[in-house]
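Each residue of the sequence shown is one higher than the last, beginning at 1 in UniProt numbering.
No residue lacks a Cβ here, since even glycine has one placed at the ideal position from N, Cα and C.
What follows is a short report on a single structure.
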Amino acid sequence: MTAVLDASALLALLKGEPGAERVAEALERGAYLGAVNLAEVLSKLADWGEDPAEAQARMEQVGLLGAAVEVVGERPGEAALRKLLRSVFFKGMAAAVLEALEVAKRLGLEAEVWDNIAKTLKEADETLVGRLVEGSLRHAERRREEMLAAAELLREVGVEPLVTEATARQLGRLLGRELA
Numbered sequence: 001m002t003a004v005l006d007a008s009a010l011l012a013l014l015k016g017e018p019g020a021e022r023v024a025e026a027l028e029r030g031a032y033l034g035a036v037n038l039a040e041v042l043s044k045l046a047d048w049g050e051d052p053a054e055a056q057a058r059m060e061q062v063g064l065l066g067a068a069v070e071v072v073g074e075r076p077g078e079a080a081l082r083k084l085l086r087s088v089f090f091k092g093m094a095a096a097v098l099e100a101l102e103v104a105k106r107l108g109l110e111a112e113v114w115d116n117i118a119k120t121l122k123e124a125d126e127t128l129v130g131r132l133v134e135g136s137l138r139h140a141e142r143r144r145e146e147m148l149a150a151a152e153l154l155r156e157v158g159v160e161p162l163v164t165e166a167t168a169r170q171l172g173r174l175l176g177r178e179l180a
């Protein structure tokens with residue numbers, strides 16, 4: 001779940017009030033700090049006896065201030081929507097990497113597969129995205145069969161082929177689709 005934090009959450013975190021741990025955990029999980037009236041926060045901290053300049057410096061030090069601000073849309077929830085869509089890619093990619101490395105380790109090929117993945121990611125650019133999309137559409141049937149064979153290999157070495165089988169299903173959905 002994605003959270004958007006407000007001034008009250010920020011104050012709880014800064015003062016160590018009840019709920020501060022939950023706010024810190026939410027920030028670690030990628031929560032967004034919504035538009036916060038900094039004057040309100042600093043004024044409240046001053047009321048509680050804190051030096052506003054020191055409080056602001058502390059917020060900057062822990063990364064609560066000074067971050068780039070990007071407007072991502074006019075409708076509420078658009079930033080959270082984009083974060084979740086990005087998560088589909090990154091968490092999915094991480095799951096594929098973990099599954100590949102798990103089977104590679106069982107086959108004594110972990111270093112080689114690690115290097116191959118790292119090299120691919122290092123060289124990745126916009127053309128790779130195009131190749132992934134267009135290649136999957138053009139060669140869905142062959143790639144699906146390849147992933148089904150890979151799933152068998154994973155099962156043979158004792159790795160549950162969760163990502164591999166999901167990839168085969170996704171490629172099956174692409175069969176017969178035209179390039180956009």
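Opening and closing residue of the alpha helix (DSSP H) in which residue i lies
{"i": "W48", "result": "Careful: W48 lies outside any alpha helix (DSSP H) and carries neither H nor E."}
{"i": "M151", "result": "The residue you asked about is not Met; residue 151 is Ala in the sequence shown. It spans A140 to E156 - the alpha helix (DSSP H) in which A151 sits, taken as one unbroken run."}
{"i": "V163", "result": "L162 to L174"}
{"i": "V159", "result": "Taken as a continuous stretch (DSSP letters only), V159 belongs to no alpha helix (DSSP H), as it is neither H nor E."}
{"i": "E102", "result": "E78 to R106"}
Buried versus exposed call for residue i [16 or more other C-beta atoms within 10 Å across all chains shown]
{"i": "T120", "result": "exposed"}
{"i": "M147", "result": "buried"}
{"i": "L64", "result": "buried"}
{"i": "E99", "result": "buried"}
{"i": "L10", "result": "buried"}
{"i": "L171", "result": "buried"}
{"i": "L85", "result": "exposed"}
{"i": "V88", "result": "exposed"}
{"i": "R143", "result": "buried"}
Supposed close pair residue i, residue j - CB separation, criterion 8 Å
{"i": "K83", "j": "G30", "result": "7 Å"}
{"i": "R169", "j": "P161", "result": "Incorrect: roughly 11 Å between the Cβ atoms, too far for contact."}
{"i": "A104", "j": "E110", "result": "5 Å"}
{"i": "V41", "j": "A7", "result": "5 Å"}
{"i": "E165", "j": "A149", "result": "So it is not a contact: roughly 12 Å between Cβ atoms."}
Residue from the options whose Cα sits closest to the Cα of residue i
{"i": "R58", "options": "A124, A104 and L14", "result": "L14"}
{"i": "R173", "options": "E141, D51 and S8", "result": "E141"}
{"i": "A39", "options": "E28, L27, Y32 and A53", "result": "A53"}
{"i": "E78", "options": "L101, V41, A166 and Y32", "result": "Y32"}
{"i": "V157", "options": "W48, A94, V4 and L107", "result": "L107"}
{"i": "M93", "options": "V4, L132, E25 and E28", "result": "L132"}
Helix, strand or coil at residue i according to DSSP, with G and I counted as helix
{"i": "L5", "result": "strand"}
{"i": "L33", "result": "strand"}
{"i": "A26", "result": "helix"}
{"i": "E110", "result": "helix"}
{"i": "G19", "result": "coil"}
{"i": "D115", "result": "helix"}
{"i": "A39", "result": "helix"}
{"i": "A180", "result": "The pLDDT assigned to A180 is 48, lower than 50, so where the model puts this residue is not dependable; a value taken from the coordinates is nonetheless given after this. A180 falls in the coil class under three-state DSSP."}
{"i": "E74", "result": "coil"}
{"i": "L13", "result": "helix"}
beta-carbon residue i near the ligand MN non-hydrogen atom, thresh 7 Å
{"i": "L109", "result": "You won't find the ligand MN in this model; it holds no ligand whatsoever."}
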